[in-house]
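Peer 1: Here it is, the structure, as structure tokens.
In UniProt numbering, the protein residues as written are 1 to 463.
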């Protein structure tokens, strides 16, 4: 009998099915990482362990089904060392998944002869009874394979931490090298997009009254009634700025939760005295937004000896700016005018309770014009005060009868202040536009006569 062989080629693997399978795997991967991230943000965490859990790549072939309640192979990284990675198997349960499994175990427990049912619970699903209590709080629960059983994530991470704890520095260095060598056998370091950070979480903090939580956070952010936003190590006067690094930044504190942001943001803007140098003020107002700009109540400026030049460039009234127009090196040239228009519009929205000016290294004869410009630029200023920061960084507030403030007594007109500015700085090219450098004082007078109503207006200070 003749056997006829089938010589037709084997059916090719459908490209559509392959793409569909890959798409499903990627969707499962993103979903599982989202679940793992939610677990990392609210769990019964180890108070010691710092690290991350990484899901194996799809092509690694060891990830298994990336689903809740099923074993998933991951890479655990202990970030206290240069490179300390190991393969672990985890099970992640959501509150709903844990509820279904725990109810099934309860049924097995009632049908068994065990008094407590602990062995049945472990054999059935690998869940410790204490994990079921987490379900009542709505948390995710993660267990890790340990030997032939399962261990809660808190206990397992504590075990890893204490097993590698070494008091001798020399021994720790050897351990670091050993862990790094073993980790290289696992291949390349997992990508950040495939990893979830593990860190200590302190849940009792959220049990405190909201007022105490806010007080702790404000203290951690270093908000002691003032906040220094100067970016330089030295102010324009040459005084070294003493800064104490806060435990957390202000932006970090305001991103913790929506409730904290809503409660603390108005308080921060109302109660904090913000300190600025020659830079950063425009960015602060712009990033604060229209709502928060109106909440700013206290500002302190440290301009130094170039204070008057800085004020004329950016905050002086239009007639004064057009009269002198001190040059600024910008590319294109029109960028200077854009920045000036921007800060002029922003400061008009700010209504201050207190405006403080550090007069250290400011020429006393420049002070009246600086005060006139500052008071004119803001929406309103209820109180103006002066402080002198000495070389030790400690500030002393000045009284009204201080000799350094005598130029503010009686008031002056814009004409007097502008002529004084021209006479004092006429030899410096960066204080004026080119036309004034070639001219004489009579040219300045003629320019001001075109707007007598403005320049002959008398400005009163120290009110």
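Cβ coordinates follow ideal geometry from the N, Cα and C atoms, glycine included. Keep in mind it's a predicted model, so treat the numbers as computed, not measured.
(1) Distance, Cα to Cα, residue 141 vs residue 225?
(2) Mark residue 27 as exposed unless 16 or more other C-beta atoms lie within 10 angstroms of its C-beta, in which case mark it buried.
(3) Does DSSP classify residue 349 as helix, strand or coil?
(4) Can you tell me which of 398, 291, 405, 430 puts its alpha carbon nearest to the alpha carbon of residue 324?
(5) Would you tell me roughly how many angstroms separate the C-alpha atoms of residue 249 and residue 179, rounded to the nearest one?
(6) Helix, strand or coil for residue 146, going by three-state DSSP, please let me know.
(7) On the three-state DSSP scale, how would you describe residue 80?
(8) Suppose only complete runs of 3+ residues qualify. What are the beta strand (DSSP E) ranges in the segment 185 to 257, listed by chain order?
(9) Please give the ranges of any beta strand (DSSP E) in the segment 355 to 418, keeping only runs that are unbroken, at least 3 residues long and fully inside the region.
(10) Suppose the cutoff is 8 Å on Cβ atoms and the five residues either side in sequence are ignored; what does the same chain contact list for residue 294 look like?
(11) Less than 7 Å between C-beta atoms, sequence neighbours within five positions excluded: which residues of the same chain meet that for residue 202?
(12) For residue 54, which three-state DSSP category applies?
(13) How is the beta strand (DSSP E) around residue 299 delimited, first residue to last?
(14) Using CA coordinates, which residue listed in 215, 229, 49 is at the minimum distance from residue 253?
(15) Applying the 10 Å Cβ sphere with the 16-neighbour rule, what's the burial state of residue 183?
(16) Does DSSP classify residue 459 as helix, strand or coil?
(17) Roughly how many whole angstroms lie between the Cα atoms of residue 449 and residue 395?
(18) Looking at residue 200: is its Cβ nearer than 8 Å to the Cβ of residue 78?
(19) Given residue 161, which residues of its chain have a CB within under 6 Å of its CB, disregarding the five upstream and five downstream residues?
(20) Look up residue 279 in the DSSP assignment and say whether it is helix, strand or coil.
(21) Give the DSSP bridge partners of residue 72, in chain order.
(22) Buried or exposed: which applies to residue 52, given that a residue is buried once 16 or more other Cβ atoms fall within 10 Å of its Cβ?
(23) Relative to the C-alpha of residue 291, which residue among 185, 210, 346, 219 is closest?
(24) When you compare the CB positions of residue 176 and residue 81, do they come within less than 8 Å of one another, or not?
(25) Determine the direct distance from the alpha carbon of residue 354 to that of residue 93, and round the result to whole angstroms.
(26) Determine the direct distance from the alpha carbon of residue 197 to that of residue 207, and round the result to whole angstroms.
(27) Using a Cβ-Cβ cut-off of 6 Å (strictly less than) and excluding sequence neighbours within five positions of residue 374, which residues of its own chain qualify?
(28) Pair every Cβ in the segment 378 to 392 with every Cβ in the segment 357 to 364, then say whether three or more of these pairs are closer than 8 Å.
(29) Could you spell out where the alpha helix (DSSP H) holding residue 307 opens and where it closes?
(30) Just the C-alpha distance for residue 186 and residue 257, rounded to the nearest angstrom, thanks.
(31) Compare the beta carbon distance of residue 319 and residue 192 with 8 Å and say whether it is the shorter of the two.
(32) Output the distance between the C-alpha atoms of residue 269 and residue 419, rounded to the nearest integer angstrom.
(33) Ordered along the chain, which non-local residues of its own chain (more than five positions away) have a Cβ less than 6 Å from that of residue 305?
(34) Less than 8 Å between the CB atoms is what I'm expecting for residue 368 and residue 408, so what's the real figure, rounded?
(35) When the Cα atoms are used, what is the spatial distance from residue 118 to residue 152?
(36) Could you tell me the alpha carbon to alpha carbon distance between residue 308 and residue 221, rounded to whole angstroms?
Peer 2: By the coordinates alone:
(1) The sequence position of residue 141 within the chain shown is 141, counting from 1. The sequence position of residue 225 within the chain shown is 225, counting from 1. C-alpha separation (whole angstroms): 42 Å.
(2) Indexing the chain shown from 1 puts residue 27 at position 27. Per the 10 Å Cβ criterion, exposed.
(3) Mapped onto the chain shown, residue 349 falls at position 349. Here residue 349 sits in coil by DSSP.
(4) Here residue 324 corresponds to residue number 324 of the chain shown, with the count starting at 1. For the residues 398, 291, 405, 430, the minimum Cα distance to residue 324 belongs to 430.
(5) Here residue 249 corresponds to residue number 249 of the chain shown, with the count starting at 1. Here residue 179 corresponds to residue number 179 of the chain shown, with the count starting at 1. Rounded to the nearest angstrom, the two C-alpha atoms are 34 Å apart.
(6) By 1-based counting over the chain shown, the position of residue 146 is 146. Annotated three-state conformation of residue 146 is strand, per DSSP.
(7) Here residue 80 is taken as the residue at index 80 of the chain shown, counted from 1. In the structure shown, residue 80 falls within a coil segment according to DSSP collapsed to helix, strand and coil.
(8) Entirely contained in the segment 185 to 257, the beta strand (DSSP E) runs reaching 3 residues are, in chain order, 195 to 198, 226 to 228.
(9) For the segment 355 to 418, whole beta strand (DSSP E) runs of length 3 or above, ordered along the chain, are 380 to 389, 395 to 397.
(10) The residue labelled residue 294 in the question sits at position 294 within the chain shown. In chain order, 349, 350, 351 place their CB closer than 8 Å to the CB of residue 294, counting only its own chain and leaving out the 5 sequence neighbours on each side.
(11) Mapped onto the chain shown, residue 202 falls at position 202. The beta carbon of residue 202 sits closer than 7 Å to no other beta carbon from its chain once the five residues preceding and following it are set aside.
(12) By one-based count along the chain shown, residue 54 stands at place 54. Residue 54 falls in the strand class under three-state DSSP.
(13) Within the chain shown, numbered from 1, the residue matching residue 299 stands at position 299. Note, residue 299: beta strand (DSSP E), 298 to 301.
(14) Walking along the chain shown from the start, residue 253 turns up at place 253. The candidate whose alpha carbon is nearest that of residue 253 is 215.
(15) Against the chain shown, residue 183 aligns to sequence position 183. With 16 or more other CB atoms across the displayed protein chains lying within 10 angstroms of its CB, residue 183 is buried.
(16) Start at 1 with the first residue of the chain shown, and residue 459 comes out as number 459. Here residue 459 sits in strand by DSSP.
(17) The residue given as residue 449 occupies position 449 in the chain shown. The residue given as residue 395 occupies position 395 in the chain shown. Spanning the two alpha carbons is a distance of roughly 42 Å.
(18) On the chain shown, position 200 is the one that residue 200 refers to. On the chain shown, position 78 is the one that residue 78 refers to. Contact annotation: residue 200 and residue 78 have beta-carbon atoms that are not nearer than 8 Å.
(19) Position 161 of the chain shown, counted from the start, is the residue given in the question as residue 161. Only 48, 49 meet the Cβ criterion.
(20) Sequence index remark: in the chain shown, residue 279 carries index 279 (1-based). Residue 279: coil per DSSP, three-state reduction.
(21) Reading the chain shown from its first residue, position 72 is the one you call residue 72. Answer by DSSP bridge pairing, in chain order: 90.
(22) As a first step, residue 52 is located in the chain shown; it is residue number 52 there, counting from the start. Classification for residue 52: buried.
(23) Residue 291 sits at position 291 when you count from the first residue of the chain shown. Checked all of 185, 210, 346, 219; the closest Cα to residue 291 is 346.
(24) Reading the chain shown from its first residue, position 176 is the one you call residue 176. Reading the chain shown from its first residue, position 81 is the one you call residue 81. Yes.
(25) For this step, residue 93 is matched to residue 93 along the chain shown. For this step, residue 354 is matched to residue 354 along the chain shown. In a straight line, the C-alpha of residue 93 is about 55 Å away from that of residue 354.
(26) Position 207 of the chain shown, counting from 1, holds the residue named residue 207. Position 197 of the chain shown, counting from 1, holds the residue named residue 197. The straight-line gap separating the alpha-carbon atoms of residue 207 and residue 197 is approximately 24 Å.
(27) Taking the first residue of the chain shown as position 1, residue 374 is located at position 374. Contacts found: none.
(28) Yes, the segment 378 to 392 is in contact with the segment 357 to 364.
(29) As a working mapping, residue 307 is identified with position 307 in the chain shown. DSSP places residue 307 inside the alpha helix (DSSP H), whose first and last residues are 307 to 314.
(30) The residue labelled residue 186 in the question sits at position 186 within the chain shown. The residue labelled residue 257 in the question sits at position 257 within the chain shown. Approximately 37 Å between the Cα atoms of the pair.
(31) Translated into positions along the chain shown, residue 319 becomes position 319. Translated into positions along the chain shown, residue 192 becomes position 192. In this structure, residue 192 does not lie closer than 8 Å to residue 319 by Cβ.
(32) Looking up residue 269 in the chain shown gives position 269. Looking up residue 419 in the chain shown gives position 419. About 38 Å.
(33) Your numbering for residue 305 matches position 305 in the chain shown. Cβ within range, chain order: 361.
(34) Residue mapping note: residue 368 aligns to position 368 of the chain shown, counting from 1. Residue mapping note: residue 408 aligns to position 408 of the chain shown, counting from 1. That belief holds up - the Cβ atoms of residue 368 and residue 408 are roughly 6 Å apart, short of 8 Å.
(35) Within the chain shown, numbered from 1, the residue matching residue 118 stands at position 118. Within the chain shown, numbered from 1, the residue matching residue 152 stands at position 152. Any reading at residue 118 needs caution, since the residue's pLDDT is 37, under 50, leaving its predicted position unreliable; the model's value is listed next. Roughly 15 Å separates the two Cα atoms.
(36) For the purposes of this step, residue 308 is identified with residue 308 of the chain shown, where counting begins at 1. For the purposes of this step, residue 221 is identified with residue 221 of the chain shown, where counting begins at 1. Rounded to the nearest angstrom, the two C-alpha atoms are 33 Å apart.
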